[in-house]
Structure formats: C-alpha cells, structure tokens
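Written below as structure tokens is the structure these notes are about.
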Amino acid sequence: MAHHVLRFAAGTDVGRRRKTNEDSAFAGPRLLAVADGMGGHPHGDVASRTAIETMAALPLAGDPAEDLAAGVAEVSALLDDLGRDDPEMARTGTTLTAMAWDGAGFTVAHIGDSRAYVLRAGELYQLTRDHTMVQSLVEGGQLTEEEAARHPKGSALVKALQSGSSGEPDVFRYDARPGDRYLLCSDGLSGLVAREEIRETTARAPSPADAVTRLIDLANEAGGQDNITCVVADVIAPSIAPRLEPLMIGAADDTGPLARLGRRFRRP
Numbered sequence: 003m004a005h006h007v008l009r010f011a012a013g014t015d016v017g018r019r020r021k022t023n024e025d026s027a028f029a030g031p032r033l034l035a036v037a038d039g040m041g042g043h044p045h046g047d048v049a050s051r052t053a054i055e056t057m058a059a060l061p062l063a064g065d066p067a068e069d070l071a072a073g074v075a076e077v078s079a080l081l082d083d084l085g086r087d088d089p090e091m092a093r094t095g096t097t098l099t100a101m102a103w104d105g106a107g108f109t110v111a112h113i114g115d116s117r118a119y120v121l122r123a124g125e126l127y128q129l130t131r132d133h134t135m136v137q138s139l140v141e142g143g144q145l146t147e148e149e150a151a152r153h154p155k156g157s158a159l160v161k162a163l164q165s166g167s168s169g170e171p172d173v174f175r176y177d178a179r180p181g182d183r184y185l186l187c188s189d190g191l192s193g194l195v196a197r198e199e200i201r202e203t204t205a206r207a208p209s210p211a212d213a214v215t216r217l218i219d220l221a222n223e224a225g226g227q228d229n230i231t232c233v234v235a236d237v238i239a240p241s242i243a244p245r246l247e248p249l250m251i252g253a254a255d256d257t258g259p260l261a262r263l264g265r266r267f268r269r270p
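The opening residue of the sequence shown carries number 3 in my numbering; numbering runs sequentially from there.
This is the structure in structure tokens:
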C-alpha cells in the first residue's frame, strides 16, 4: 500500500483496586508500546518506565527488527544493573509489547502478556502470543480456551523482562491495510473484559481517543482489579492526519501525581 500514517491516542488508569500505576506506555508516529510492571514483584513501575523510556529513545533508523531487539536487550541490561545496585530491585520485571511503524506495516517485539490486536473489516485479531503458563497448557492441549479464561493462575508469566534473567522477545512483521485499527493493552483490560466486548467497543468508537476512554471504562466497570492501559492507532492517509505530539503515560510520565494515580488521555 502507499505510505500511510498513524492517528493515535493513549490512556491509563490506576484501576479501582490499586493504589499505584505500574503500567507505562508510549504512542508516537513511529512507535507504539505498552509495558506492565510485574505484580507481586518490587518496583514494577520502575521496570515498566525503564522499558518504555528505552524503547521511545530508539532511533529506528535502520532495520526495525534489529532496532527493537537491541532496545529489548538494553532494557534487560538496565534491569540487571538495577538489581545488582539495589537488592530491593532484584527480580523486578515488566512485560513489553512494542510496534515500530514504517508507513506500510509494523515490526513487533513482544514479551509477556500485554497484547496487540488489529481490528480489520470489523473482526478483531490477536497479533501477539501470551507468554503465560496457562497459554502453554492450552497449546499443549491440557486446557481449553474456556478453562484458561477462568484459571486462577491465568496471569502467571513464563517469560518477561526481568532483572537476573534474560527473556527473548517474539519479533515479527505485520503488514497493515488502510482502515486498520490497532490496540495495544495491558492485561488490566484483556484479563477482565471479554474479547467480543473489546471488539465491539473498538469497532464502534469514532476515534482512537474515544476507543481508549470506552475501553478503560469497561475494565473499571468489570472490577478494575489491575492497572488499565490502552494505546489505539488508526492507519490513515497522510492528507487527513491530525498533527499529534508523542505521548508518554503511566509510570513513565513523572511530571506529577497523575503519573501514579490518574488518567491521562490525548484527544486529537
């Protein structure tokens, strides 16, 4: 397809059951990314912020697959350094889903259970694979999808970016089409809201900003048990693209108390 651009929005909410936000996200014309600090581990907000700030600083001037892989390796090294320098940071970790845009498609680097979806012609497709124990059992035929959705250890990760261990991301390319809508989210959304509700809400929203707002509201209405972060981007022609500034949100936005507790939305 001819060169197209992204119209994007991002939002985060601490959720009804949490006091701090350990999610971070970035949305810009060349990169979309979501990171979810690992619950139950120390300083997940630091880990997710490290991941997002590192990926946002990538030049993306060469091979995007190599650039993203180098960024993930740098995050891993930084987390290792943090763990060595401060015992309280040992085993801190985060998920990461990052998508580099080149005008015709995305190169994706993914590790953990944050997700990337595409809404195409009204249908919602999951692009990433959850690196969870439950997903491994599903793929091994030991659990059905329905059983997995109700499993008490559904969020137990088998791979993540974590100090003291190395995790290799899945890296792949996905060709885009005009009219596609992409959603990146933490499991504060995908773990609480049914896939069909996500599809319907994403499809009905007139803009990325509306989709972000409505999806976060859905997760809170479902209990808000975790931090909720969404990045939504439409593939559109350059002639109709609004001018948007890059967004850094969640734990990666340290400009004030909203970085931890509040919502921050970008409305075109």
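All residues carry an ideal CB built from backbone N, CA and C; glycine is no exception.
When DSSP builds the beta bridges, which residues end up paired with residue i?
i, result
"Gln128", "Tyr119"
"Ile242", "For Ile242, which the question treats as bridged, DSSP gives no partner whatsoever."
"Met250", "Phe28"
"Gly107", "Asp177"
Using a Cβ-Cβ cut-off of 8 Å (strictly less than) and excluding sequence neighbours within five positions of residue i, which residues of its own chain qualify?
i, result
"His6", "Gly105, Ala106, Ala178, Pro180, Val237, Ile238, Ala239 and Pro240"
Among the options, which one has its Cα closest to the Cα of residue i?
i, options, result
"Arg19", "Gly46, Phe28, Ala224 and Met101", "Ala224"
"Cys187", "Pro66, Val234, Leu246 and Ala79", "Val234"
"Glu90", "Ser165, Glu247 and Asp189", "Ser165"
"Ala162", "Gly124, Ile218 and Ala75", "Ala75"
"Ser50", "Gly64, Gln128, Ala243 and Thr231", "Thr231"
"Pro66", "Thr99, Trp103 and Pro31", "Trp103"
"Leu129", "Gly30, Ser167, Leu159 and Phe174", "Phe174"
"Gln227", "Arg197, Leu191 and Thr203", "Leu191"
"Ser116", "Pro248, Tyr127 and Thr99", "Thr99"
"Val36", "Leu246, Asp69 and Tyr184", "Tyr184"
Return the Cβ separation of residue i and residue j in integer angstroms, given the expectation that the two are a contact with Cβ distance under 8 Å.
i, j, result
"Asn229", "Gly17", "5 Å"
"Thr97", "Ile113", "6 Å"
"Gly39", "Glu24", "3 Å"
"Leu34", "Thr56", "At roughly 15 Å, the Cβ-Cβ gap does not stay under 8 Å, so Leu34 and Thr56 are not in contact."
"Asp69", "Leu60", "5 Å"
Just checking residue i against the ligand ADP - is the residue's beta carbon closer than 7 Å to any of the ligand's heavy atoms?
i, result
"Phe174", "For the structure depicted, the ligand ADP is absent and the ligand set is empty, with no information on it obtainable."
Could you check whether the Cβ of residue i sits closer than 8 Å to any Cβ belonging to chain B?
i, result
"Ala92", "This model lacks chain B altogether; it includes just one protein chain."
Which same chain residues, not among the five before or five after residue i, have their C-beta less than 6 Å away from its C-beta?
i, result
"Ala261", "Residue placement at Ala261 is flagged as unreliable, the pLDDT there being 38, under the threshold of 50; the coordinate-derived value follows with that caveat. Here the set comprises Asp255."
"Ile251", "Ala12, Thr14, Ala27 and Arg266"
"Gly169", "Ile113, Lys161, Ala162 and Leu163"
"Gly64", "none"
Beta-carbon within less than 7 Å of residue i's beta-carbon, same chain only, minus the 5 sequence neighbours each way: which residues are those?
i, result
"Ala205", "Leu121 and Gly124"
"Ala243", "Val7 and Arg9"
Segments of 4+ residues assigned as alpha helix (DSSP H) that fall wholly inside the stretch 17 to 81: Segments of the alpha helix (DSSP H) lying fully in the stretch 17 to 81: 46 to 58.
Quick check on the DSSP output: what are the complete alpha helix (DSSP H) runs of length 4 or more inside the stretch 201 to 235, in order along the chain? 210 to 223
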